[in-house]
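Have a look at the structure below before the remarks.
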Amino acid sequence: MSAKGVSVEYLTTGANRQTAATDWSRSGLLAFGADVNIALWRPHLDPPRGVGRLLRGHAELVKAVAFLPSAVGDESTYLISGADDKTLMLWKSSASHDHDLDFGLLQTSLEHTGAINCITSARVAASHPKWIVATGAADATIRTWSLEHDQLHLLQTIHTAPKFFPLTLSLSSLGADENALVLAAAGTRDTIQILTADAVAEGVVQFNVQANLSGHEGWIRSLSFARETSNADGDLLLASASQDKYVRIWRIHQGAALPSLAVSKDLSDGKFLPGKSPSNKSHRLRTAAKDFSLSFEALLLGHEDWIYAARWHMHDDGKLQLLTTSADNSLAIWEADASSGIWVSMVRLGEISREKGATTATGSAGGFWTGLWSPDGRSVACLGRTGSWRRWQYEPANDSWRPCVAVTGHTKAVTGVSWSKNGDYLLSTGSDQTTRLHARWTASGANTWHEMSRPQIHGYDLNCIDALGESQFVSGADEKLMRVFGEPKAVASMLGRLGGMSKKGIEKMPDAANMPVLGLSNKAIDMVDDDHEIQPVDDRDRDAMDPATMVKKSHLEIDHPPLEDTLSRHTLWPETEKLYGHGYEISCLAASHDGKLIASACKATSTNHAVIRLFETERWTEIRPPLTAHSLTVTRLRFSADDRHLLSVGRDRQWAVFERDPDADALYTLLQSNPKGHSRMILDAAWSPCETPLFATAGRDKQVRIWKSSKREDGSAQFEQMAALPCTAPVTSVDFLPRSLCGRLVLAVGTEAGQVSVCLVDEQDGTVVSLPPTDDLSFPKAVLQLAWRPSPDSEAGATASPTLAAAGEDTTLRLFSFDEAYLQSTAEL
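Residue 220 in the numbering used here sits at position 214 of the sequence shown; the count goes up by one each step and never skips.
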């Protein structure tokens, strides 16, 4: 996680909404696909931390992740991943201790010709190979592999017939000798294909189709095998979860005689499933010179929408339980009744009945996409529509499941970041239509970063954001207006309690905020008592309040970072103003350091629309006329530290500097423009903290150029190029540290290729010294924005280490902490 002089302090990203893109290893490591990355997270760390590391390698969305089954004494952990880029990757961690995240890429396979959707594996009795792996892809094939000597070897390619795209696979040994294998495959049809293979000991594995199981009436999303008892020769159970809202359990029994048949009932009303009766047809299987029968065992009713995941877990006491997750926002744990054998839902977690919520705007709809058991079976985790995790821990003393702090993050590109004016917290916004607030959890003593609030959940992709003072921010989206938000009392109190942030005027803040069922604007509301009666929602009323978004006083009176259901519903900020004037989607905005002005621009193809509009924040009116200089979209606006100058750069390759009129605080006039600032479009710009005005511009021409102010003969200021820094890729983001070190300016540079580099610039002669590159500062996609943290007033002791926030197109938001002594020593050299 760290290299000389730099470490990753915080890493957040949302998970891909794919059922097969997650897995939980025997050592307690949870892996999930996060855009093109694989994120590694240890859920049981106390105090909780976020994502520990990202594995890079895939070029497109990761859809399948699976740890190979490990046994006590294994020195290595293997991980296999598949993605839309049709590649299968094998990863290995050489050390076995609990906190190791050091996975290295061993192999990349390109055998599949379509996106890889699912992966399963089984450990076999033979010493070589130890594992058999099966993969399913959108090329309508299932491929089987053996893993030997740290390499995957293709054994067989099976074309699905009748043709379907596999969405789920499950592989298990059939008998006690583990040399007979059974593979279940399903996907974009309503049948399950059963294949068997033997002769594993000789290293020749050939699967053959033995049966097609019918009964489901929708696509099948999840399959899971488990032994019914801890005995190796016990019956094998297969659970199948489908979009028809039902789970079916199938039994594989060794021997020619059929087991006694059990058909489940819907325990809520005692009736059998309406419509088609459950099929009692049995299938005969023969493999490894042994006979097996496969029959329908039970039908589980209870979910009200598509079921995405079904996973077995055998507890240490021999109790077998099944975990199911559904689009109805619930998670259920099932087990067979000891006396009757009927499968009963023992635990129900998530959102039930009227607490589901009536609107997707607050992130409540969409359900749970996957469900996982922890290795010890005392914890379960599931992934929701918002890309965030939810986790529950079983507490035997109370016989209850306690919700725990989990991982959250953006699910699409992070397009903007902004620190609060004193650096207490960080705001991020993105194409997933959310704005998120991140802060340290200082009350835990570990000072770990977490998402503490979700101020804005929008209906448009968000493009830019900036903080206004300590309790307001303004954001711009793919709409023609900007929205201003103010902090509510509930969130301010929580941030003070968890992060030690003191806020002035908290008593004047509104209690909380929610979003009307048919609205896009967050409304200020009063918090209610816990025993407040919830009224049914009237969908015809535009101002009707979703009952699930009422903020009860207990929701934010917590001693830990808020959980996902709280974040998505109860930490909204009320919208205080809308700023109109632009004709197209907002492209960029900036707030002055004194908080009195907002400058903004929109997407434009002509001079008429490529104007910069100024708004004053006292009466929230536009200052006319708008500023003109550009002919195409303005890509970035920046106020200098003293607000004397406003800098704009754009797609028309030019930069422009506007100077504040000393006789009218709110008016700016064009001081200088350079129509040929770069040879290609300019994507970002930043002011330095030095007294003599100096700024940097970043272009698609792979250049960072430094411009410094000098005096003309008539005494007026003009900017001339002082230095040029060539880069290996188009430069998409730049930012200066708000203070100088040893007379040097610290400049962070981010590129379209995903590389973040730090340079030290001599403010006198423009000499540039670049720090050595490190993998820690590398992204798989473009770096969209960089922002150095202002020195927080609340930091104890000496000045805080320089901290850089980086927003990635790969959905990640990262905080890098730099060793100031290392930067100073480099500057002195």
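The C-beta atom is built at its ideal place from N, Cα and C for all residues, glycine as well.
Worksheet item: Assuming asparagine 428 and proline 796 make a contact with CB atoms under 8 angstroms, what is their CB distance in whole Å?
Response: As a first step, residue 428 must be located in the sequence shown, where it is residue number 422. As a first step, residue 796 must be located in the sequence shown, where it is residue number 790. Confirmed, about 6 angstroms.
Discussion item. Under DSSP, the beta strand (DSSP E) around lysine 495 begins and ends at which residues?
Written reply: If you number the sequence shown from 1, residue 495 lands on position 489. Segment 495-505 is the alpha helix (DSSP H) holding lysine 495; no beta strand (DSSP E) there.
Worksheet item: Under the DSSP definition of a beta bridge, which residues are partnered with threonine 147?
Response: The residue labelled residue 147 in the question sits at position 141 within the sequence shown. Ala143, His165.
Worksheet item: threonine 194 by DSSP, collapsed to three states: which one?
Response: If you number the sequence shown from 1, residue 194 lands on position 188. In this structure, threonine 194 counts as coil in the three-state DSSP scheme.
Fill in: CB of valine 764 within 8 angstroms of CB of valine 774, strictly
Counting from 1 along the sequence shown, the entry for residue 764 is found at position 758. Counting from 1 along the sequence shown, the entry for residue 774 is found at position 768. Contact: no.
Discussion item. Less than 8 angstroms between the C-beta atoms of alanine 217 and histidine 289, yes or no?
Written reply: In the sequence shown, the residue the question calls residue 217 occupies position 211. In the sequence shown, the residue the question calls residue 289 occupies position 283. Closer than 8 angstroms, so yes.
Fill in: Element boundaries [alpha helix (DSSP H), containing leucine 573]
Translated into the one-based positions of the sequence shown, residue 573 becomes position 567. Taken as a continuous stretch (DSSP letters only), the alpha helix (DSSP H) holding leucine 573 covers 570-576.
Worksheet item: If you draw a straight line from the alpha carbon of arginine 240 to that of leucine 810, how long is it in whole angstroms?
Response: The sequence position of residue 240 within the sequence shown is 234, counting from 1. The sequence position of residue 810 within the sequence shown is 804, counting from 1. Rather than arginine, the amino acid found at residue 240 in this sequence is glycine. So the alpha carbons of these two residues sit roughly 56 angstroms apart.
Worksheet entry | Cβ neighbours of serine 274 in the same chain (closer than 7 angstroms, five flanking residues each side left out) | Against the sequence shown, residue 274 aligns to sequence position 268. For serine 274, the pLDDT reaches just 37, beneath the cut-off of 50, and the residue's location in the model is therefore unreliable, leaving the point undetermined.
Fill in: Close beta carbons around threonine 572, own chain, < 8 angstroms, minus the five adjacent residues each side
On the sequence shown, position 566 is the one that residue 572 refers to. So the qualifying residues of the chain are His561, Leu562, Ile564.
Worksheet entry | Residue burial classification, aspartate 600 (beta-carbon count within 10 angstroms, cutoff 16) | Stepping through the sequence shown from its first residue, residue 600 is reached at position 594. With fewer than 16 other Cβ atoms within 10 Å, it is exposed.
Item to complete: Helix, strand or coil for leucine 829, going by three-state DSSP, please let me know.
Response: As a first step, residue 829 must be located in the sequence shown, where it is residue number 823. If DSSP states are grouped into helix, strand and coil, leucine 829 belongs with the helices.
Worksheet item: Who does arginine 750 pair with in a DSSP beta bridge?
Response: For this step, residue 750 is matched to residue 744 along the sequence shown. Note: arginine 750 sits in a beta bridge opposite Leu747, Asp768.
Discussion item. Can you give me the C-alpha to C-alpha distance between histidine 615 and leucine 792, rounded to a whole angstrom?
Written reply: For this step, residue 615 is matched to residue 609 along the sequence shown. For this step, residue 792 is matched to residue 786 along the sequence shown. So the alpha carbons of these two residues sit roughly 27 angstroms apart.
Worksheet item: Shortest alpha-carbon distance to arginine 745 belongs to which of Ser694, Gln770, Pro736?
Response: Along the sequence shown, read from residue 1 onward, the residue named residue 745 stands at position 739. Nearest C-alpha to arginine 745: Ser694.
Worksheet item: How is isoleucine 348 classed by DSSP in three states: helix, strand or coil?
Response: By one-based count along the sequence shown, residue 348 stands at place 342. In this structure, isoleucine 348 counts as coil in the three-state DSSP scheme.
Discussion item. Suppose the cutoff is 6 angstroms on Cβ atoms and the five residues either side in sequence are ignored; what does the same chain contact list for leucine 783 look like?
Written reply: Walking along the sequence shown from the start, residue 783 turns up at place 777. For leucine 783, where only same-chain residues beyond five positions count, the Cβ hits under 6 angstroms are Val762.
Worksheet item: For the region 442-456 against the region 482-489, are there 3 or more C-beta pairs whose distance is under 8 angstroms?
Response: no
Discussion item. Assuming the contact rule is C-beta atoms closer than 8 angstroms, leucine 96 and alanine 140 should be a hit. Round their C-beta distance to whole Å, please.
Written reply: Indexing the sequence shown from 1 puts residue 96 at position 90. Indexing the sequence shown from 1 puts residue 140 at position 134. At roughly 14 angstroms, the Cβ-Cβ gap does not stay under 8 angstroms, so leucine 96 and alanine 140 are not in contact.
Worksheet item: What is the DSSP secondary structure of threonine 448, reduced to helix, strand or coil?
Response: The sequence position of residue 448 within the sequence shown is 442, counting from 1. Helix, per DSSP.
Worksheet item: Given alanine 412, which residues of its chain have a CB within under 8 angstroms of its CB, disregarding the five upstream and five downstream residues?
Response: Residue numbering aside, residue 412 sits at position 406 when the sequence shown is read from its first letter. So the qualifying residues of the chain are Pro49, Pro54, Ala387, Ser394, Trp395, Arg396, Arg397, Leu569, Glu570.
Worksheet item: How about glycine 224 and glutamine 249: do their beta carbons lie closer than 8 angstroms?
Response: Along the sequence shown, one-based indexing puts residue 224 at 218. Along the sequence shown, one-based indexing puts residue 249 at 243. For glycine 224 and glutamine 249, yes; Cβs fall inside 8 angstroms.
Worksheet item: Near leucine 243, which residues of its chain fall below 8 angstroms by C-beta distance, leaving aside the five closest residues on each side in sequence?
Response: Stepping through the sequence shown from its first residue, residue 243 is reached at position 237. Counting only Cβ-Cβ distances below 8 angstroms, and skipping sequence neighbours, we find Phe231, Ala232, Arg233, Glu234, Ile255, Trp256, Arg257, Ile258, Glu303, Trp318, Leu326.
Worksheet item: If you measure from the CB of lysine 602, is any heavy atom of the ligand GDP nearer than 7 angstroms?
Response: The ligand GDP is not part of this structure, which contains no ligands at all.
Item to complete: Please confirm if the region 524-531 is in contact with the region 576-591, defined as three or more CB-CB distances below 8 angstroms between the two stretches.
Response: yes
Discussion item. With distance defined between alpha-carbon atoms, name the residue in Ala691, Glu622, Thr623 nearest to valine 655.
Written reply: Numbered from its first residue, the sequence shown carries residue 655 at position 649. Of the candidates Ala691, Glu622, Thr623, the one whose C-alpha sits nearest the C-alpha of valine 655 is Ala691.
Item to complete: Would you mind sorting proline 246 into buried or exposed? The rule is 16 or more other CB atoms within 10 Å of its CB.
Response: Within the sequence shown, the letter at position 240 stands for residue 246. It should be pointed out that residue 246 corresponds to serine in this sequence rather than to proline. Flag for serine 246 reads buried.
Worksheet item: What span of residues does the beta strand (DSSP E) with proline 631 cover, start to end?
Response: As a working mapping, residue 631 is identified with position 625 in the sequence shown. First-last of the beta strand (DSSP E) with proline 631: 627-633.
Item to complete: Would you check if the distance between the CB atom of phenylalanine 479 and the CB atom of leucine 433 is smaller than 8 angstroms?
Response: The residue labelled residue 479 in the question sits at position 473 within the sequence shown. The residue labelled residue 433 in the question sits at position 427 within the sequence shown. Yes, Cβ-Cβ distance for phenylalanine 479 and leucine 433 is below 8 angstroms.
Fill in: Where the beta strand (DSSP E) containing threonine 331 begins and where it ends
Your numbering for residue 331 matches position 325 in the sequence shown. From DSSP, the beta strand (DSSP E) with threonine 331 extends over 326-332.
Item to complete: Leaving out five residues on either side along the sequence, give the residues of the same chain with a beta carbon under 8 angstroms from the beta carbon of glycine 451.
Response: Residue 451 sits at position 445 when you count from the first residue of the sequence shown. Here the set comprises Pro53.
Worksheet item: Considering only residues of the same chain and omitting the five flanking positions on each side of alanine 26, which have a CB-CB separation below 6 angstroms?
Response: Here residue 26 refers to the residue found at position 20 when the sequence shown is read from its first residue. Answer for alanine 26: Ala70, Cys124, listed in chain order.
Fill in: As assigned by DSSP and simplified to three states, the class of lysine 98
Residue numbering aside, residue 98 sits at position 92 when the sequence shown is read from its first letter. The answer is strand: DSSP assigns lysine 98 an E or B state.
Practice prompt. Kindly list the residues whose CB is nearer than 6 angstroms to the CB of serine 598, restricted to its own chain and excluding five residues on each side of it in sequence; keep chain order.
Written response: As a working mapping, residue 598 is identified with position 592 in the sequence shown. Answer for serine 598: Phe645, Asp649, listed in chain order.
Worksheet entry | DSSP-derived helix/strand/coil call for lysine 282 | The residue you call residue 282 lines up with position 276 of the sequence shown. In this prediction, lysine 282 scores a pLDDT of 47, lower than 50, which makes its location untrustworthy; the coordinate-derived value is nonetheless stated afterwards. The answer is coil: DSSP assigns lysine 282 none of H, G, I, E or B.
Practice prompt. Please go through the same chain and pick out, in chain order, the residues whose beta-carbon is closer than 6 angstroms to the beta-carbon of leucine 731, but skip the five residues on each side of it.
Written response: The count along the sequence shown starts at 1 and reaches residue 731 at position 725. Once the five neighbours on either side are set aside, the close Cβ partners of leucine 731 are Val710, Val774.
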